[in-house]
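**Student:** If you number the sequence shown the way our numbering does, the last residue is 193 and the count never jumps.
Here it is, the structure in full.
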Amino acid sequence: MKFNNIKAIALAVLVSLTVYNCSDDDDNGGDAMMTGPDFSGTYVQQDQMGRPAINTVFVSGAMKNAFNTTIPSNQSASFQAMFQTNLEALSPAYANPGDTNALGLDSATFTGLLATDVLNVSLDGTTTFFDGDPNNTLSGRALTDDVITVELILIFGGEEGLTNPEFPGLSNDNVDANDKPFLSSFPYLATPW
Numbered sequence: 001m002k003f004n005n006i007k008a009i010a011l012a013v014l015v016s017l018t019v020y021n022c023s024d025d026d027d028n029g030g031d032a033m034m035t036g037p038d039f040s041g042t043y044v045q046q047d048q049m050g051r052p053a054i055n056t057v058f059v060s061g062a063m064k065n066a067f068n069t070t071i072p073s074n075q076s077a078s079f080q081a082m083f084q085t086n087l088e089a090l091s092p093a094y095a096n097p098g099d100t101n102a103l104g105l106d107s108a109t110f111t112g113l114l115a116t117d118v119l120n121v122s123l124d125g126t127t128t129f130f131d132g133d134p135n136n137t138l139s140g141r142a143l144t145d146d147v148i149t150v151e152l153i154l155i156f157g158g159e160e161g162l163t164n165p166e167f168p169g170l171s172n173d174n175v176d177a178n179d180k181p182f183l184s185s186f187p188y189l190a191t192p193w
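Take a look at the structure:
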């Protein structure tokens, strides 16, 4: 008789767990897979980084939110002066009036370009972050482009930054390749592990 009571209790527990777990008591009546995500509401841009590290380095801390929520077409007019002040304070390659970078850009012109934080794409020419030709510079970005080193050369390299940087210790991150080869077909990025 005791064994039958244990069986009855076990059966009752099993039935109650099954009934509880199979109930239709979710918030949307069981149609989660049918309705899709809810896009109602107000969405606000929180961050932008078209060119890696530029926002991080040249936007002053108190202005991060304002910069991140300013549409790119208004960024240069709103932030170029701050970028120029920060560039000239940061880079000894721009210590003297008239100093330029490897592209021949003075601090005002260069920071006007940088302050519009977008990744440009050339639809009919070379797509590269920088290949030494000013006409191709910042015309897009290939996976193999050494973006941080290019940015360091343009900031610290001075007029002869490509061949003879003014501040060579500041003009190279010494990371010359991806840790794994890129794929030859889509999605092109190397697998993470």
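Every residue, glycine too, gets a C-beta built ideally from N, C-alpha and C.
May I ask you to check if the CB of Leu170 is nearer than 7 Å to at least one heavy atom of the ligand GTP?
**Tutor:** In terms of ligand content, the structure shown is empty, and the ligand GTP therefore cannot be addressed.
**Student:** Thinking Asp173 and Leu152 are a contact (beta carbons under 8 Å), I'd like their distance in whole angstroms, please.
**Tutor:** Sequence index remark: in the sequence shown, residue 173 carries index 173 (1-based). Sequence index remark: in the sequence shown, residue 152 carries index 152 (1-based). Going by Cβ atoms, the distance from Asp173 to Leu152 rounds to 6 Å, so yes, they are a contact pair.
**Student:** CA-CA distance, Gly138 and Ser76?
**Tutor:** On the sequence shown, residue 138 is found 138 positions in, with the first residue counted as 1. On the sequence shown, residue 76 is found 76 positions in, with the first residue counted as 1. Here the sequence assigns Leu to residue 138, which means Gly is not the residue at that position. Rounded to the nearest angstrom, the two C-alpha atoms are 16 Å apart.
**Student:** Between which two residues does the alpha helix (DSSP H) carrying Phe79 extend?
**Tutor:** As a first step, residue 79 must be located in the sequence shown, where it is residue number 79. Pro72 to Leu90 is the span of the alpha helix (DSSP H), which, as asked, contains Phe79.
**Student:** List the DSSP bridge partners of Thr100.
**Tutor:** Mapped onto the sequence shown, residue 100 falls at position 100. Asp106.
**Student:** Which whole-angstrom value is the C-beta distance of Phe67 and Asn55, which I expect to be below 8 Å?
**Tutor:** The residue you call residue 67 lines up with position 67 of the sequence shown. The residue you call residue 55 lines up with position 55 of the sequence shown. Correct: roughly 7 Å between the Cβ atoms.
**Student:** Please classify Pro165 as buried or exposed, where buried requires at least 16 neighbouring CB atoms within 10 angstroms.
**Tutor:** Taking the sequence shown and counting its residues from 1, one reaches residue 165 at position 165. With 16 or more Cβ atoms within 10 Å of its Cβ, Pro165 is classed as buried.
**Student:** According to DSSP, simplified to helix, strand and coil, what is Tyr94?
**Tutor:** Along the sequence shown, read from residue 1 onward, the residue named residue 94 stands at position 94. Three-state result, Tyr94: helix.
**Student:** Output the residue ranges of the alpha helix (DSSP H) runs that lie fully inside the stretch 145 to 192 and measure 4 residues or longer, sorted by chain position.
**Tutor:** Fully enclosed alpha helix (DSSP H) runs of 4 or longer: 147 to 156.
**Student:** Mapping DSSP to helix, strand and coil, what is Val59?
**Tutor:** Residue 59 sits at position 59 when you count from the first residue of the sequence shown. Val59 falls in the coil class under three-state DSSP.
**Student:** Going by C-alpha to C-alpha distance, which of Gly140, Gly104 and Val59 sits closest to Leu154?
**Tutor:** Position 154 of the sequence shown, counted from the first residue, corresponds to residue 154. Looking at the Cα atoms, Gly104 is the closest of the given residues.
**Student:** In terms of residue numbering, what span does the alpha helix (DSSP H) encompassing Ala142 cover?
**Tutor:** Taking the first residue of the sequence shown as position 1, residue 142 is located at position 142. It is not in any alpha helix (DSSP H) - Ala142 carries neither H nor E in the DSSP assignment.
**Student:** Using the Cα positions of Pro187 and Asp133, report the straight-line distance between them to the nearest angstrom.
**Tutor:** Residue numbering aside, residue 187 sits at position 187 when the sequence shown is read from its first letter. Residue numbering aside, residue 133 sits at position 133 when the sequence shown is read from its first letter. The alpha-carbon atoms of Pro187 and Asp133 are separated by roughly 28 Å.
**Student:** Ala66 lies in the alpha helix (DSSP H); which residues open and close that run?
**Tutor:** On the sequence shown, position 66 is the one that residue 66 refers to. Here the alpha helix (DSSP H) through Ala66 covers Lys64 to Thr69.
**Student:** Here's the rule I'm using: 16 or more other beta-carbon atoms within 10 Å means buried, otherwise exposed. How should Phe83 be labelled?
**Tutor:** Translated into the one-based positions of the sequence shown, residue 83 becomes position 83. Phe83 is buried by the Cβ-count criterion.
**Student:** Count the other C-beta atoms from every protein chain shown that fall within 10 angstroms of the C-beta of Phe79, then say buried if there are 16 or more, exposed otherwise.
**Tutor:** Residue mapping note: residue 79 aligns to position 79 of the sequence shown, counting from 1. Flag for Phe79 reads buried.
**Student:** In three-state DSSP terms, what is Thr128?
**Tutor:** Within the sequence shown, residue 128 is the residue found at index 128, counting from 1. Coil at Thr128, not helix or strand.
**Student:** Of the residues Thr149, Val121 and Asn74, which one's Cα is nearest the Cα of Gly112?
**Tutor:** By 1-based counting over the sequence shown, the position of residue 112 is 112. Taking only the C-alpha atoms, the option nearest Gly112 is Asn74.
**Student:** Could you tell me the alpha carbon to alpha carbon distance between Ile148 and Thr35, rounded to whole angstroms?
**Tutor:** To locate residue 148, count along the sequence shown from 1; it is residue 148. To locate residue 35, count along the sequence shown from 1; it is residue 35. Using only the alpha carbons, I get a separation of about 43 Å.
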